């Protein structure tokens, strides 16, 4: 369902989508300028290193992750956050099952 420009998103009405082995996501609120996405990882799941032209900032909602951005890796836990500049190669490994809350600008058209 296309929810672009909808002012509210209700978690209980949004289905999880597969996003890789052991990874699933929910596209929450978005418009052309910004998008919020919840991404759940099983323990050991790998967010394959990749890049995109969007700025991304993410919050560790739950779990523990080793996050690599442009060759630098840090271990992040609940409440920690990170910022990915445009076109930087980045990825994450879920040390414990967890959830990231990602925000992209502009929105990720490839997600809808």
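Numbering (full-length UniProt numbering), first residue to last: 1 to 112.
Cβ atoms here follow ideal geometry from the backbone N, Cα and C, with glycine treated the same way.
Since the structure is predicted, the reported quantities are computational estimates derived from the model, not experimental observations.
- prompt: Does the separation of the CB atoms of residue 99 and residue 62 fall below 8 Å?
  reply: Yes, the Cβ-Cβ distance between residue 99 and residue 62 is below 8 Å.
Own chain, CB closer than 7 Å to residue 74, minus 5 neighbours either side, in chain order: Same-chain partners within the cutoff: 67.
- request: Using the Cα positions of residue 32 and residue 109, report the straight-line distance between them to the nearest angstrom.
  value: Roughly 9 Å separates the two Cα atoms.
Euclidean distance between Cα positions of residue 53 and residue 35: Roughly 14 Å separates the two Cα atoms.
Buried/exposed call for residue 81, threshold 16 Cβ in 10 Å: Counting of Cβ neighbours within 10 angstroms places residue 81 among the exposed residues, the total staying below 16.
message: In the DSSP output, what is residue 13 paired with across the bridge?
response: Beta-bridge pairing links residue 13 to no other residue.
- prompt: For residue 89, which of 55, 40, 7, 70 has the nearest alpha-carbon?
  reply: Ranking the options by Cα distance to residue 89, first place goes to 70.
- request: Take residue 24 and list the residues in its own chain whose beta-carbon comes closer than 8 Å to its own, dropping the five residues that flank it on each side.
  value: 16, 17, 18, 39, 40, listed in sequence order.
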